[in-house]
Structures are given as structure tokens and as C-alpha cells.
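**Q** My questions will all concern the structure given below.
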Amino acid sequence: MMPIDTRCFFSLDRQSEFLSKYAEPDRYSFLEKFPKTGRFIPRGSGLSYVAASFGKDSVSVGFGKFSRILEFNADAKAPMITVEAGITLHALHIFLCPRGLRVPVEPGHPQISIGGCIAFNVFGKNQFKEGLFESCVEELEVFHPQKGVLKCSRAENKELFDLTIGGMGLTGVILKAKLRLARIPSPWLRVRNISFRNLQHMVEVLQQVNDSADALNTFNDFSVFGKNMGQGFVTVSNFSDEHTPAKLLESFHSLDRRPTQRFSYFNALSIPVFGFAYRTWHTKFKSEEKMPFYQFNYPVAGISFYFDWYGKKGFIERQILVPEASVEKYIEKFERLLRSYRPQVVLGSCKFFSGKQRLLHFAGRGLVISIDVVPHTGKAGFHEALDALNVDMGAIDNIAKDSRISRELIRREYPDYEKVRERMAAYDPNRQFASALSQKLSV
Amino acid sequence: MKSVIIGASAGLGRALAEELARHGHDLFLVASDPRDLSAIRSDLRIRYSSRVEYHAGDIRALSGAELRSMCNSKIGKADCLFLVSGQSDLDRDFEKLSEDEITRLVEVNFSAPVRIATAFLPDLLESRNGALVGIGSVAQSRPRSKNTVYAASKSALEFFFSGLSQRLHGTKCRIQYYRVGYMKTGMTFGRRSMVPYAAPAKVARRIVQGLKKDGIGVYVPRWWGALMLAYKLLPGFIFRRLKI
Ligand SMILES: Cc1cc2nc3c(=O)[nH]c(=O)nc-3n(C[C@H](O)[C@H](O)[C@H](O)COP(=O)(O)OP(=O)(O)OC[C@H]3O[C@@H](n4cnc5c(N)ncnc54)[C@H](O)[C@@H]3O)c2cc1C
Ligand SMILES: NC(=O)c1ccc[n+]([C@@H]2O[C@H](COP(=O)([O-])OP(=O)(O)OC[C@H]3O[C@@H](n4cnc5c(N)ncnc54)[C@H](OP(=O)(O)O)[C@@H]3O)[C@@H](O)[C@H]2O)c1
């Protein structure tokens, strides 16, 4: 038997909290000790905004100790690495960066594990160029207590491969992953911040720089409700041609969530001040700079207190992908909603996405709008009204980011919802892997 | 430098393997499961370009002489030997342990390390940077009603190290026996304690830093020394009533 403990788990946004069972194997003999029956859910670094790696009735199984590099091929044409899925982006950064390489798709925090990247098929700051994490996954090894250890790839066990990427840990434990690597043209980025007046202006600026930038992101200030709503700046980054080695990101603050009694520092007074200061600093004093590329990829690594500042009530992140054809109309309606409900939005951010939506992947061609909202602020009903707008306009919410998403909403937003349920049920009729999230969504 | 780690697949042993690889040591790793050892070998070879080999087996059944000759043929004569492997049945003792379990605890924590240390001794003595490192526990500081067979075996191992340290006096081989405090490893998973658990990587760093010195019964982390002194000074009539 695996030793099992009880732990209190929080989602990053603090909207979910569960006392549930926890195991943390550190040796491969766990494969033989893993019970054949019962409910489980794999856990990587546990940084998800939602309750994806724990649940009331499931044993959460942490794989952080499985963090080794198993194969590495620095081949000039097709560099590859095979890793255990508990390895973090940080460990890979420390190994790969001095060798002029990187994982091509990196979500925004170095503590995130490769297992977590695969299970949510995450995106990076360059989604419009590199696509989703699936684009760099070549092969996986997945363990299921009833099926044993299975290899899968685009050529072998295709169904398992397809369901595991973006499968929220529901197909079993990803033990190993073979990943395609990308060469870093330079460890440095040239970064420019370009101001915009409002969301419409932002779209124009994004369109102008989209083709030439290596990565893009925006900061939007939603604390003003007049004609400048959503004002901010686009951060355009391009690899520099400088080849001097950049300092590595040696350490960062952990984002592990613990119980807290802290109150929120964000309120109707502090948010506009924060927005103004952040905008002014980046557009007036830091409008152009050179930075190590990881600093751009992991913007929160140096300011992890940002999440703590929401206090014990946490926050709600809405991340919405608006289809390209509806962007203009959507922005109009979105602004109207914000004006009438006036929620307190601390941080807004946008980027362009490319590709096609399928299964429950947060993907498609269009504009992604993200907002971090202080819970229970503004007129009641904002989130429900936003849900309705999204369904109406064919936009999708990111399941990985929003704890309040319901089964009904996902069913209406994601055309493949029923198909995913059927395929998951066919793969594992006993549903041995389940989280609070998957149970809520009935996936 | 060439180092052998007995119990290298997890916890402190794995952390020591990484720390030694970082310092450029070639490694010969021993533990029960080849899957763990092979993963560690790949990782250390790739990240530190070290020469790493392993042998998988239960140390109770392995002959010290065989291990030594395997090490010699795979990486060469050992300079340092780290006896890290250990097992404890934290919740059971005395009549709750079967005879087989008592034999296992004594063999893993005492007799196997003694056999292996003795077999490797000629190579350690021959080396210009020889070192023998034993891992004990704060549990052996004062006998109590918990974990007693484990602590008694570790005490016996410390006794052996003390004797050996006299034998090694005047040679180039250094000898250290550490009484290690609580660490966050598989051995202590799920256990609550009022005192903090150390990260095995931190303990490993301390042990590698101390390779050039002799020391028997050294506490790591250091502050455990003060805590254990207070614990030892507790009068018997109070100590007997304590459930710690
Ligand atoms: C600061 C911050 C910035 C972020 N930025 C981005 C971003 O830019 N883009 C983006 O897409 N996402 C982003 N995210 C979200 C994050 O990438 C995902 O939530 C990711 O899944 C977290 O990985 P984790 O290792 O913490 O996984 P966990 O939270 O532990 O688990 C997430 C899911 O992965 C599954 N899982 C984990 N390990 C395994 C395994 N070995 N086998 C099978 N399933 C497994 C779990 O079951 C669960 O369903 C961000 C998160 C944070 C905290
Ligand atoms: N953890 C603590 O809080 C703590 C406190 C004080 C002292 N210590 C001591 O520190 C040392 C390391 O402890 P740890 O916590 O790192 O332990 P651990 O995580 O349980 O690792 C023990 C290691 O020893 C190996 N091992 C055990 N029995 C073996 C056998 N019969 N044959 C071959 N290998 C064997 C294990 O490999 P396999 O699993 O493959 O067998 C593993 O590599 C031990 O001596 C322990 O007594 C630990």
C-alpha cells in the first residue's frame, strides 16, 4: 500500500478548499503498490487556479519527486528531451538555457510541472506562433492501475495520447514525456511597451505588431469606466541578437497555497492607484528594455506576493477566448457589462491566439481577454452576465482558470463536450481518476 | 573522486548523489529497485556529465566483497563510502514486531552497513581522499519506548564507527557518523512533528562540506544538538512519563 496522509488543498484562486487524502510516492515501486480500485487524481506542482489536482473523494497523488531528466539529445536539427512528468519548468530552464535551448511553450510560472502543462495543454506568451503545449509533446508514458504502463504518441495508442493531452489528469498518471525543444536565438529579449487608449486601440496596435513580435502580452487597466476603459500597454518582445549569457533564474518564491487570515489589499481605492502606477512605470520609465527571456515568460516569478495580496477571499480569473470574427462586437458588449456591473478588476491582459478549437482545449483563433476580479465586488450578477455574453458570442472560458465554471456553461461553450465525456467513459468506464473539477463538470 | 552510496534511490541518499555529482564525483549507487537507480543515473549523467553506475539489490543479501568488486570494475576503487540506507517501523515496536521484522531492522540498519564498510575499507585506506560516512539518527540520542529496535541498531552502528575511528587515526581516511534530525522524505511522509523537517538536499550539502573532517555523533542540522542535550538532561522520573 502507498502511505496516505490527509491535507488541506486550496486552488490558487482560493475559491476551492478541500480536505482530502494525499500520497506522495518517491520510488517506482509505487506502481505495484497503487491500489487497483478507488479514486485518484495526479498532482504536479498544485498551482492550478482550479481544483484540478484534488477532490473530496479522491486521493491526490503528488508526483513532484519524479523530476529527473531521462534522455537528452541536443541534435542541431531536432533537439529533444525525455523527462519524468513531475519536473518543473524551472529545473528545465536551469538545464536548457545555458545550452541555448528551451521548452517552446511555457506558461507563466517556473514552478509549474510538465505533467500540469500536458494535462491542461497550456499556452505561453507566444501562442500565436507556437500553438499549445501539445505542439512539443512527442511521446508519453501513462500509468493506469487497471491497464499498467502504456506508451502513447501520434503513432501508437493514439486515443490515449489524444485524451491525455488536455485530459486534466483523468486518463492516469503521466510518468514520462518526450518533448521537442526549441533553440533560443538569444538569451535576451528586446522589449518595448506601446501605450494604447482603450480596447479598440489595443486591437489595432496588436494587429500592427503581431507578425513581427516573438511574444506579445498586454496590461489593461479596467479600473476606469469612461472612454479609456481598458487602457494600458502592449509589451512586444523580440529576441535580441546579443549572445552574452543571461543570468539564470536561480530562485523564486513558491506559490504553494496555505491557510491565511490575510485581508485583501485590493479595493476600489487601491486598484486605480495600482493600475496608474503600473502603467506609468512601464510606459514612461521602462518603455524599452533588454531582459532575459525567462523574465518575460515568468512575469509573476518575482512578484508572487501578487496572489497573496488578494487575501483569504482570493480572486476570480476569467480568461475568455473571443472568436476573431466577433472581437469588435464582443469588446463593445464586454465594456457595456463592465460599466453596468462595475466589478473590481485588478489586472487585465490580452493576447492573440491562433489554431483550431477541439475537445476541451482552450484554443482557437481570436483574442484572449483575461481579468482578475476581486470576488463579490460591483453589482451582483456580473459573472453570470459574462457567461451569457460568452455563450451568445461563441466565446469560450478557460476551464483551467475559473473555479466557478459550471457543467452547463462548458456544455454550451465547447461543442466537443459530450464527445469528450463519451471518449473518457469508453477509455475508463470505472473513472478511477477524478478531481473536484472533473466531478463538477461531469467529465 | 569516486563515491559509493548505499541507499541512493530516495530521500537523503538521492540528495547526496546529486550533491556529489555536482562536485564532480563519479558514483556507484546501490538500492533495491533498478528503475529508480536507472532514472537517477540518467539524470546525473545528463545534468552533471558524471560517470554513474549502479547495482540493484537488497543490501541484506549482498556480500560486501561482491559490491566492492562490482564497484571496482564499474567506476574504479572507491574513495568515499556513504552508508545511508535505513529502515524504521515508526509505529511499531517490541511485541508488535515479528521476529522477521526485528531481523530486517537490525540487518538493514546495522549488520549490512558494517559488512559493507569492512569490505570497502582497504580501498578507502588506499585513497588519498578516503572518507567513510555513516548515517544515524537523533532517535539514538536517548533510549525511549518508540522506534527502539531502529535506534538500538543505529547506536550499534555508531559504536562500530567509534571503534573504527580509532583504527583510522593517523591514516588519510576520514570518518564521520551523523545523527540526522527529521527530514522530509518518504520515511517520514504523513508524520506530524513540532520540530521542523529539514530538506534532504540541505543535509546532503552539510555532509559533503564535512567530508574532510572526522566526527562521530555529529548532529545535522546543528541545532538538533542543543535540543537533544536538553532532552538527555531531562530527569528520568519526568522522561519516563513522557509519550515522545
Ligand atoms: C502564475 C501562473 C501563471 C500561469 N500562466 C499560464 C499561462 O500563461 N498559460 C496557461 O495555459 N496556463 C497558465 N497557468 C496555469 C497552469 O499552467 C496550469 O494550471 C498547470 O496545469 C499547472 O501545473 P501544475 O504542475 O501546478 O499542475 P497541478 O495544478 O498539480 O495539476 C493540474 C492538472 O494536471 C494534472 N497533472 C499534473 N501532473 C500530472 C501527471 N504527472 N500525470 C497526469 N496528470 C497530471 C492534474 O491532475 C490536474 O488536472 C498559470 C498558473 C500560474 C499559477
Ligand atoms: N527521514 C528522517 O527523518 C530521518 C531521520 C533520522 C535519520 N534518518 C536516516 O537517514 C537515512 C536516510 O533516510 P531517508 O529518510 O532518506 O530514507 P528513505 O527515503 O526511506 O530512503 C532509504 C534508502 O535506503 C534504501 N534501502 C532501504 N533498505 C534497503 C535495503 N534493504 N537494500 C537496499 N537499499 C535499501 C532505499 O532504497 P529502496 O527503497 O530501493 O530499498 C532508499 O534508497 C536512513 O539511514 C535513516 O535511518 C532519517
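Chains H and A supply the protein sequences, listed in that same order. Positions 1 to 443 (this note's numbering) are the ones given, in order, by the first sequence. Positions 1001 to 1244 (this note's numbering) are the ones given, in order, by the second sequence. Note that CB positions come from ideal geometry on N, CA and C, so glycine has one too.
1. Distance cutoff 8 Å, beta carbons only. Does alanine 1156 of chain A sit that close to anything in chain H?
2. Any Cβ of chain H within less than 8 Å of the Cβ of alanine 1039 of chain A?
3. Would you say proline 1200 of chain A and glycine 1007 of chain A are within 8 Å of each other, going by their C-beta atoms?
4. Is the CB of arginine 27 of chain H under 8 Å away from at least one CB in chain A?
5. At the 8 Å Cβ level, is aspartate 1036 of chain A part of the contact set with chain H, yes or no?
6. In this structure, how does DSSP classify valine 1218 of chain A when only helix, strand and coil are distinguished?
7. Looking at C-alpha atoms only, which residue of A:Ala1015, A:Glu1066, A:Met1070 is the closest neighbour of leucine 1044 of chain A?
8. For the region 1171-1183 of chain A against the region 1131-1143 of chain A, do three or more pairs of beta-carbon atoms, one drawn from each stretch, fall closer than 8 Å, so that the two count as touching?
9. What three-state label does DSSP hand alanine 1015 of chain A in the structure shown?
10. Sorry if obvious, but does the Cβ on alanine 74 of chain H come closer than 7 Å to a heavy atom of ligand 1?
11. Using only the heavy atoms of ligand 2, determine whether one of them is closer than 7 Å to the beta carbon of proline 1196 of chain A.
12. Okay, do the region 352-366 of chain H and the region 302-314 of chain H touch, 3+ Cβ pairs below 8 Å being the bar?
13. Any heavy atom of ligand 1 closer than 7 Å to the Cβ of valine 83 of chain H?
14. Which value, in whole angstroms, describes the spacing of the CA atoms of glycine 226 of chain H and alanine 380 of chain H?
15. Would you call the region 398-410 of chain H and the region 42-50 of chain H touching, i.e. three or more CB-CB distances under 8 Å?
16. Which residue from A:Ala1230, A:Phe1237, A:Val1195, A:Leu1233 puts its Cα closest to that of proline 1221 of chain A?
17. With a threshold of 16 other CB atoms inside 10 Å of the CB of isoleucine 410 of chain H, please say whether the residue is buried or exposed.
18. Can you tell me whether phenylalanine 79 of chain H is buried or exposed, with buried defined as 16 or more other CB within 10 angstroms of its CB?
19. Which of the three DSSP states, helix, strand or coil, is assigned to threonine 218 of chain H?
20. Look at the alpha carbon of alanine 213 of chain H and the alpha carbon of glutamate 317 of chain H, and state the distance between them as a whole number of angstroms.
21. For valine 173 of chain H, I'd like the list of residues in its chain whose CB is within less than 6 Å of its CB, leaving aside the five on either flank, ordered along the chain.
22. Does the Cβ-Cβ distance between leucine 249 of chain H and alanine 215 of chain H come in under 8 Å?
23. Three or more C-beta pairs closer than 8 Å, one from the region 192-202 of chain H and one from the region 89-109 of chain H: is that the case here?
24. Just the C-alpha distance for alanine 23 of chain H and leucine 1105 of chain A, rounded to the nearest angstrom, thanks.
25. Identify each residue in the region 68-85 of chain H for which the Cβ-Cβ distance to at least one residue of chain A is less than 8 Å, and report them in chain order.
26. Does DSSP classify valine 300 of chain H as helix, strand or coil?
27. The alpha helix (DSSP H) spanning aspartate 5 of chain H covers which residue range?
28. Would tyrosine 1231 of chain A pass as a contact of serine 1127 of chain A if the rule is Cβ separation under 8 Å?
29. Identify every residue that forms a DSSP beta bridge with aspartate 1079 of chain A.
30. So, under 8 Å CB-CB, valine 1108 of chain A and serine 1085 of chain A are touching, yes? Tell me the CB distance rounded to an integer number of Å.
31. May I have the straight-line CA-CA distance separating histidine 1025 of chain A from aspartate 1036 of chain A, to the nearest angstrom?
32. From the DSSP output, in three-state form, read off leucine 360 of chain H for me.
33. In angstroms with no decimal places, state the Cα-to-Cα distance between cysteine 1224 of chain A and alanine 1198 of chain A.
34. Return yes when at least one heavy atom of ligand 1 lies under 7 Å from the C-beta of isoleucine 405 of chain H, else no.
35. When the cut-off is 8 Å and only beta carbons count, does isoleucine 1000 of chain A lie next to chain H?
36. Classify threonine 6 of chain H as buried or exposed, calling it buried when 16 or more other Cβ atoms lie within 10 Å of its own Cβ.
**A** Reading off the structure:
1. No, alanine 1156 of chain A lies away from the interface with chain H (no Cβ there is under 8 Å from its Cβ).
2. At least one chain H Cβ lies under 8 Å of alanine 1039 of chain A.
3. Taking 8 Å as the Cβ cut-off, proline 1200 of chain A and glycine 1007 of chain A do not qualify as a contacting pair.
4. At a cut-off of 8 Å, the C-beta of arginine 27 of chain H has a neighbouring C-beta in chain A.
5. Taking Cβ atoms only, chain H reaches closer than 8 Å to aspartate 1036 of chain A, which makes this a yes.
6. Of the three classes helix, strand and coil, the one that applies to valine 1218 of chain A here is strand, per DSSP.
7. Looking at the Cα atoms, A:Ala1015 is the closest of the given residues.
8. The region 1171-1183 of chain A, when compared against the region 1131-1143 of chain A, does touch it at the 8 Å Cβ threshold.
9. If DSSP states are grouped into helix, strand and coil, alanine 1015 of chain A belongs with the helices.
10. Of the heavy atoms belonging to ligand 1, none sits nearer than 7 Å to the Cβ of alanine 74 of chain H.
11. False, no ligand heavy atom lies under 7 Å from that Cβ.
12. Contact annotation: the region 352-366 of chain H does not touch the region 302-314 of chain H, with fewer than three C-beta pairs closer than 8 Å.
13. Because no heavy atom of ligand 1 lies under 7 Å away, the Cβ of valine 83 of chain H does not count as near it: no.
14. One C-alpha to the other measures close to 21 Å.
15. The region 398-410 of chain H makes contact with the region 42-50 of chain H, as at least three CB pairs between them are under 8 Å.
16. Looking at the Cα atoms, A:Val1195 is the closest of the given residues.
17. Per the 10 Å Cβ criterion, buried.
18. According to the sequence provided, residue 79 of chain H is proline. The question's phenylalanine does not apply to it. Answer is buried; the Cβ neighbour count reaches 16.
19. Correct three-state label for threonine 218 of chain H: strand.
20. Going by the C-alpha atoms only, they are around 26 Å apart.
21. Sequence-distant partners of valine 173 of chain H (beyond 5 residues in either direction) whose C-beta falls short of 6 Å from its own C-beta, in its chain, are Pro42, Phe143.
22. With respect to alanine 215 of chain H, leucine 249 of chain H sits apart: the two C-beta atoms are not nearer than 8 Å.
23. Flag = no, the region 192-202 of chain H and the region 89-109 of chain H do not touch.
24. Taking the straight line from one Cα to the other gives about 24 Å.
25. Answer set for the region 68-85 of chain H: Arg68, Ile69, Leu70, Glu71, Phe72, Glu84.
26. The three-state secondary structure of valine 300 of chain H, taken from DSSP, is coil.
27. For aspartate 5 of chain H, there is no enclosing alpha helix (DSSP H); the enclosing beta strand (DSSP E) has its first and last residue at 5-10.
28. In this structure, serine 1127 of chain A does not lie closer than 8 Å to tyrosine 1231 of chain A by Cβ.
29. Beta-bridge pairing links aspartate 1079 of chain A to no other residue.
30. The C-beta separation of valine 1108 of chain A from serine 1085 of chain A comes to about 6 Å, placing the pair in contact by the 8 Å criterion.
31. Rounded to the nearest angstrom, the two C-alpha atoms are 19 Å apart.
32. Leucine 360 of chain H: coil per DSSP, three-state reduction.
33. With the sequence shown as reference, residue 1224 of chain A is identified as tryptophan, and cysteine is not the correct amino acid for it. Rounded to the nearest whole angstrom, the C-alpha separation of tryptophan 1224 of chain A and alanine 1198 of chain A is 11 Å.
34. No, since every heavy atom of ligand 1 falls outside the 7 Å radius drawn around the Cβ of isoleucine 405 of chain H.
35. Summary: the structure shown does not reach residue 1000 of chain A, with chain A confined to residues 1001 through 1244, and so no result is reported for it.
36. In the assembly as shown, threonine 6 of chain H is an exposed residue. Its beta-carbon has fewer than 16 other beta-carbons within 10 Å.
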